[in-house]
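Quick notes on the structure that follows.
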Amino acid sequence: MLALLRLNSGRARLSMQAVDPALFKEVEGFRDIAWPDEFPFKDRKFFARMDESPDILFYNEPRFVTHIDDGAITSLTSYYSHTMRPGADVLDLCSSWISHLPNDLDLGRVAGLGMNEAELSRNKRLTERVVQDLNVNPSLPYEDESFDFVCNVVSVDYLTKPMEVFDEMHRVLRPGGTALMSFSNRCFPTKAIAMWTGSDDASHIWIVGSYFKFSAQSKGGWTDVKAMDISAAGGGRGDPMWVVQGTKASK
Numbered sequence: 001m002l003a004l005l006r007l008n009s010g011r012a013r014l015s016m017q018a019v020d021p022a023l024f025k026e027v028e029g030f031r032d033i034a035w036p037d038e039f040p041f042k043d044r045k046f047f048a049r050m051d052e053s054p055d056i057l058f059y060n061e062p063r064f065v066t067h068i069d070d071g072a073i074t075s076l077t078s079y080y081s082h083t084m085r086p087g088a089d090v091l092d093l094c095s096s097w098i099s100h101l102p103n104d105l106d107l108g109r110v111a112g113l114g115m116n117e118a119e120l121s122r123n124k125r126l127t128e129r130v131v132q133d134l135n136v137n138p139s140l141p142y143e144d145e146s147f148d149f150v151c152n153v154v155s156v157d158y159l160t161k162p163m164e165v166f167d168e169m170h171r172v173l174r175p176g177g178t179a180l181m182s183f184s185n186r187c188f189p190t191k192a193i194a195m196w197t198g199s200d201d202a203s204h205i206w207i208v209g210s211y212f213k214f215s216a217q218s219k220g221g222w223t224d225v226k227a228m229d230i231s232a233a234g235g236g237r238g239d240p241m242w243v244v245q246g247t248k249a250s251k
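At position 130 of the sequence shown (counting the first as 1) the number is 130 in the UniProt record's numbering, and the numbers step up by one without a gap.
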């Protein structure tokens, strides 16, 4: 199944200019994956970490840094601009001091849920903030059908209860709303789950796709699940960037 995914290795010159939407490439073979009948990662060993100490200890000290390079940030912000609409209500999961949302896009409610109060307080795009460890409590503190978009930037690899989180994302999205899970090839290896650190980029896309495929099935599930290579490339010098996304079925 993983062999179906073909990831681009050649990348255009790194630029801080807005990326042409034509450069957002759907990952070849993703829509053709023959998924198993059941979620394939039921054994908790897949979600073990090298560092199993409470995450609150690891994230207690604020980190006012970016975890992807400028090219990847430009790509992600451009993809948000291409995907989101003005006035949309957005939930930024695993949020920090920056959300990479377009400054010129006038959004509605922008809720941030993260692990560090100081980081969240620095994020000027947020209209509200919640400190919560999703690995302890994956239930989101929001009403049903509250948001048009849910975003997660380079943090899906740290979720130890992803199916519960994806069920909750589905619950808080409005019908037709979209969840956007973006990631690169960087991580804190001691806190990333075992099957992430033990696999390659194509496998990461497959893993996140499986979260969409097998979550919220009793609630209508996800439609138009796809994987996008949005990398702002610089001849292989920039960070790669992918988005796996799904849309909540309309009523």
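Where a beta carbon is used, it is the ideal one built from N, C-alpha and C, also for glycine.
What distance in whole Å lies between the Cβ atoms of P240 and N152, which are believed to be in contact at a cut-off of 8 angstroms?
-> That pair is no contact at about 17 angstroms.
Which residue spans inside the region 155-216 form an unbroken beta strand (DSSP E) run of at least 3?
-> With a minimum length of 3 residues, the continuous beta strand (DSSP E) runs that stay inside the region 155-216 are 173-183.
Within 10 angstroms of its Cβ, does P141 collect 16 or more other Cβ (buried), or is it exposed?
-> With fewer than 16 Cβ atoms within 10 Å of its Cβ, P141 is classed as exposed.
What is the residue span of the beta strand (DSSP E) that E128 lies within?
-> Here the beta strand (DSSP E) through E128 covers E128 to V131.
Under three-state DSSP, which class holds D43?
-> Three-state DSSP puts D43 in coil, outside helix and strand.
Go through the region 78-138 residue by residue and report every complete run of the beta strand (DSSP E) that reaches 3 residues or more, in order.
-> Assignment of beta strand (DSSP E) within the region 78-138, counting only whole runs of 3 or more residues, yields 90-95, 110-114 and 128-131 in chain order.
Run through DSSP, which three-state label would F30 get?
-> Taken through DSSP and simplified to helix, strand or coil, F30 comes out as helix.
Please report the residue range of the alpha helix (DSSP H) in which F58 lies.
-> Run containing F58: D55 to F58, per the alpha helix (DSSP H) assignment.
So F166 packs on S215, CB below 8 angstroms; how close in whole Å?
-> Indeed, because the Cβ distance is near 4 angstroms, the residues count as touching under 8 angstroms.
Give me the Cα-Cα distance between L4 and M228, rounded to the nearest whole angstrom.
-> Low confidence applies to L4: its pLDDT is 44, below 50, so where it sits in the model is not reliable, and the reading given next is rough at best. Note on geometry: alpha-carbon atoms of L4 and M228 lie some 14 angstroms from one another.
Can you give me the start and stop residues for the beta strand (DSSP E) that residue 278 sits inside?
-> There is no way to answer for residue 278, as the model of the chain reaches only from 1 to 251.
Below 8 angstroms on the Cβ atoms is my guess for M181 versus Q245; work out the distance and round it to an integer in Å.
-> 7 angstroms between Cβ atoms; contact.
Consult DSSP for A227 and reduce its assignment to one of helix, strand or coil.
-> Under the three-state reduction of DSSP, A227 is assigned to strand.
Does the Cβ of W196 have 16 or more other Cβ atoms within 10 Å, making it buried, or fewer, making it exposed?
-> Counting every other CB atom within 10 Å of its CB across the protein chains shown gives W196 a total of 16 or more, marking it as buried.
With distances taken Cα to Cα, identify the nearest neighbour of V156 among K124, T83, F41 and C187.
-> Nearest of K124, T83, F41 and C187 to V156, Cα basis: C187.
Report the residue from L120, H82, L23 and G238 whose alpha carbon sits nearest the alpha carbon of L91.
-> If you compare the alpha carbons of L120, H82, L23 and G238 with that of L91, the shortest gap goes to L120.
D144 in three-state terms, based on DSSP = If DSSP states are grouped into helix, strand and coil, D144 belongs with coil.
Could you tell me whether any non-hydrogen atom of the ligand FMN is closer than 7 angstroms to the CB of V130?
-> As for the ligand FMN, it is missing from this structure, which has no ligand bound.
Coarse secondary structure for G220, derived from DSSP in three states | Coil at G220, not helix or strand.
Sequence-distant residues of the same chain with beta carbon closer than 7 angstroms to G114, five excluded per side = Cβ-Cβ distances below 7 angstroms link G114 to C94, S95, S96, L120 and V131 in the same chain, with the five nearest sequence neighbours on each side left out; the list follows chain order.
Determine which residues share a DSSP beta bridge with T247 and list them.
-> Under DSSP, the beta-bridge partners assigned to T247 are T178 and T223.
Do G112 and N103 come within 8 angstroms of each other at the CB atom, strictly closer than that value?
-> For N103 and G112, no; Cβs fall outside 8 angstroms.
So what does W242 bridge to, in DSSP terms?
-> DSSP lists F183 and D229 as partners of W242.
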